[in-house]
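Student: In my numbering, the protein residues as written are 15 to 204.
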Amino acid sequence: MNKGKLIVFSAPSGSGKTTIVRHLLQQEELNLEFSISATSRAPRGEEVDAKDYYFLSAKEFKNKIKSDEFLEWEEVYHDNFYGTLKTEVERIWAQGKHVIFDIDVSGGLRIKRKFPEETIAVFVKPPSIDELKIRLKKRKTESEDKIKMRVAKASAELATAPLFDEIVVNKNLEEALVDAYSLVSNFINK
Ligand code: 5GP
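(1) Can you check which of these residues, A25, G30, R36, N45, is closest to F9 by C-alpha distance?
(2) Just the Cα atoms here: how many angstroms apart are A166 and K152?
(3) Applying the 10 Å Cβ sphere with the 16-neighbour rule, what's the burial state of V62?
(4) Quick check on L70: does DSSP put it in helix, strand or coil?
(5) For K31, does the three-state DSSP call read helix, strand or coil?
(6) Quick one: residues in its chain with C-beta nearer than 6 Å to the C-beta of R124, no 5 flanking neighbours on either side, listed in chain order?
(7) Under 7 Å between the Cβ atoms of F115 and S54?
(8) Grouping DSSP H, G and I as helix and E and B as strand, with all else coil, what is F75?
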């Protein structure tokens, strides 16, 4: 199979990586396709199965772990599994496209380790933990407890930023979008 590139965007929840990934997907000349992750968490708001995630039960997810169907997987929050199916990368490479991932820090680094040459791993950094709390609260999709859990995890994740190939600081969104575009464009055209 003709291998494309793997573009990983990882960041603490609420740092704006999803907005950046969506923006890049709209740039047709980059020839990117979103890696749809599998998850055992329930759909949120307007999320659609097989578009935002493949929504699985915890049992289905564990069966796929057993049969070695994941490139990487993680219990991101207690009882909430997330993972990249091997078939996702195959599906996208078969279309002659590059794969873009919106995944957590450990998953992102695992993909980099498995495909060091093909991968650019980008860490999206929120300007501060306080700003992250404000953004998560504004999103109004999670309870206080869940927000606390995400903020605690974010502090640990921030410490891994130096392990990534590149860091984009999302202080000003417009600037972060421009930075992310040029990193990806340079990587796929090199
Ligand atoms: P959310 O519940 O907000 O959609 O995602 C929670 C976290 O799980 C985010 O940091 C998201 O990037 C991460 N995530 C989503 N898909 C995957 C995946 O396939 N693998 C890993 N390791 N993390 C993922």
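Built from N, CA and C at the ideal position, the CB exists for glycine as well. Being a predicted model, the structure only gives us computed values, none of them experimental.
Tutor: Taking the coordinates as given:
(1) This structure gives no information on residue 9, because the portion of the chain shown stretches from 15 to 204.
(2) By 1-based counting over the sequence shown, the position of residue 166 is 152. By 1-based counting over the sequence shown, the position of residue 152 is 138. Whole-angstrom Cα-Cα distance: 18 Å.
(3) Counting from 1 along the sequence shown, the entry for residue 62 is found at position 48. Looking at its Cβ environment, which holds fewer than 16 other Cβ atoms inside 10 Å, V62 is exposed.
(4) The sequence position of residue 70 within the sequence shown is 56, counting from 1. In the structure shown, L70 sits in coil (DSSP, three-state: anything other than H, G, I, E or B).
(5) Residue 31 sits at position 17 when you count from the first residue of the sequence shown. In the structure shown, K31 sits in a helix (DSSP, three-state: H, G or I).
(6) Locating residue 124 in the sequence shown gives position 110, counting from the first residue. Cβ neighbours of R124 beyond the five flanking positions: E86.
(7) Stepping through the sequence shown from its first residue, residue 115 is reached at position 101. Stepping through the sequence shown from its first residue, residue 54 is reached at position 40. No, Cβ-Cβ distance for F115 and S54 is not below 7 Å.
(8) Within the sequence shown, residue 75 is the residue found at index 61, counting from 1. Helix at F75.
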